[in-house]
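Here the structure comes first, spelled out in structure tokens, and everything after it is commentary.
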Amino acid sequence: MLQISGLFLAIATALPVGLAAVANPASAEPLTLDAIKKAGVVRVGVEASYRPFTFRDDAGKIVGYDLDLAEQIFKPLGVKVEFVDTAWAGVIPALYAGNFDVIMTSLTYTKERVAKVGYSIPYTEATQEMLIRASDADTIKNLDGMAGKILGVKLGSAGDTMKTKLEEKLKADTGKGFAEVKTYDDHPSAYLALSQGSVDGVINSLATLTQVVKDAPGKYAIVRDIGPRNWAGIGTRKEDTQLIDFLNERIEALKANGEIYKLQEKWFGTKMKLSDKIPDFS
1 MLQISGLFLA IATALPVGLA AVANPASAEP LTLDAIKKAG VVRVGVEASY RPFTFRDDAG
61 KIVGYDLDLA EQIFKPLGVK VEFVDTAWAG VIPALYAGNF DVIMTSLTYT KERVAKVGYS
121 IPYTEATQEM LIRASDADTI KNLDGMAGKI LGVKLGSAGD TMKTKLEEKL KADTGKGFAE
181 VKTYDDHPSA YLALSQGSVD GVINSLATLT QVVKDAPGKY AIVRDIGPRN WAGIGTRKED
241 TQLIDFLNER IEALKANGEI YKLQEKWFGT KMKLSDKIPD FS
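Written as structure tokens, this is what we have:
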């Protein structure tokens, strides 16, 4: 099984508020594929403000990677895919309350979530990576290229949590750490500092950084393999084992025929590295 490092655990996404409320959910009848077919619809819980996973276009319509992928995943069932826009803080209790059948919008794996929520295998990457100026792409090709340079992080972010471990690794590999780590109140401020030359790299999630690059063609580049791998899966109730098996089969099929990677290129501008297994937190 895939082993997850202490650094991974440290940077794992915080649990939605209210997860404790489903610590011991009442037993319920499993949601079967026949039941979904009979209903003629599968309901997908999302937060429609997380570009490019699920967000609203100028006309107010929900679009994004998750929408396109869900349509492909559930296509063999011949049912309508209905997206339910939900406040992310309460998304897991809402799942167990029956407001929808599955959760998407990059539900990352954490030890607590895996214990309480059913999960598919990864369908998207949620790794923290580093944004640099495009002009530095030939000199900063990996973390070692940041030796003696300035790193920018957002206060309280995963990058902020990672900085000490990154510093230790950098010193171990090159004998030199960062010249400085500057902290900002938000990521846009850090990006501005990067463009102005005040910092040389900014840490954020891969999915978010792909949008920064797309919005400013030729200005920035992304350095991969900065932090430990992290992924997100499709969430279900624990008892929905038939549905989980179906999701896994469909994700594997879409990986095999390349369709999932085409959607990644469309929405993120890059092909992601997907694990074949759910992380093992034991």
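Just so we're aligned: 92 in full-length UniProt numbering is position 92 of the sequence shown, and the numbers increase by one with no gaps anywhere. Think of the CB as a built atom: it goes at the ideal place given N, C-alpha and C, for glycine as much as any other residue.
Within-8 Å CB hit, residue i to chain C
i: residue 215; result: Given the protein chain composition of this structure (a single chain), no chain C is represented.
Beta bridge counterpart(s) of residue i as assigned by DSSP
i: residue 130; result: 203, 223
i: residue 143; result: Beta-bridge pairing links residue 143 to no other residue.
i: residue 232; result: 108, 124
i: residue 151; result: 181, 201
i: residue 50; result: 54
i: residue 103; result: 45, 235
i: residue 62; result: 56
i: residue 118; result: 236
i: residue 68; result: According to DSSP, residue 68 bridges with nothing at all.
i: residue 34; result: DSSP, once it has assigned bridges, lists no residue as partnering residue 34.
Spatial neighbours of residue i in its chain, beta-carbon cut-off 8 Å, leaving aside the 5 residues before and after
i: residue 51; result: 64, 211
i: residue 55; result: 48, 49, 62, 63, 64
i: residue 24; result: In this prediction, residue 24 scores a pLDDT of 39, lower than 50, which makes its location untrustworthy; no coordinate-derived value is stated.
i: residue 86; result: 45, 46, 47, 94, 99, 100
i: residue 283; result: Nothing can be reported for residue 283: it is not among the residues displayed for the chain, which extend from 1 to 282.
i: residue 207; result: 52, 53, 106, 124, 125, 126, 268
i: residue 205; result: 126, 127, 128, 129, 158
i: residue 39; result: 79
i: residue 172; result: none
Selection from the options that minimises the alpha carbon distance to residue i
i: residue 181; options: 254, 150, 247, 28; result: 150
i: residue 137; options: 55, 200, 164, 251; result: 200
i: residue 142; options: 164, 263, 119, 170; result: 170
i: residue 147; options: 73, 39, 251, 166; result: 166
i: residue 77; options: 36, 204, 257, 117; result: 36
i: residue 101; options: 81, 207, 205, 250; result: 81
i: residue 227; options: 280, 249, 168; result: 168
i: residue 33; options: 79, 206, 116; result: 79
i: residue 104; options: 259, 114, 53; result: 53
i: residue 262; options: 223, 59, 72, 38; result: 72
i: residue 221; options: 116, 269, 252, 282; result: 269
i: residue 69; options: 188, 250, 279; result: 250
i: residue 282; options: 59, 161, 84, 114; result: 114
Beta-carbon contacts of residue i that lie in its chain and below 7 Å, excluding the five residues immediately before and after
i: residue 265; result: 271
i: residue 145; result: 139
i: residue 57; result: 63
Close beta carbons around residue i, own chain, < 6 Å, minus the five adjacent residues each side
i: residue 229; result: 127
i: residue 247; result: 120, 234
i: residue 118; result: 236, 237, 238, 240, 244
i: residue 232; result: 106, 107, 108, 124, 126
Below 8 Å, can you find three or more Cβ-Cβ pairs linking the stretch 211-229 to the stretch 30-50?
no
Does the stretch 92-101 come into contact with the stretch 50-70, if we say contact requires no fewer than three beta-carbon pairs (one atom in each stretch) closer than 8 Å?
no
Let me know the beta strand (DSSP E) ranges lying completely inside the stretch 172-204, each 3 residues or longer, listed in chain order.
180-184
With a cut-off of 8 Å, do at least 3 Cβ pairs link the stretch 118-125 to the stretch 262-275?
yes
Count Cβ pairs between the stretch 154-170 and the stretch 240-250 that sit closer than 8 Å; are there 3 or more?
no
Any alpha helix (DSSP H) of 4 or more consecutive residues that is wholly inside the stretch 71-101:
91-96
Pairing CB atoms from the stretch 129-148 with CB atoms from the stretch 183-202, are three or more of them under 8 Å?
yes
Counting pairs of beta carbons, one from the stretch 167-184 and one from the stretch 222-241, are three or more of them closer than 8 Å?
no
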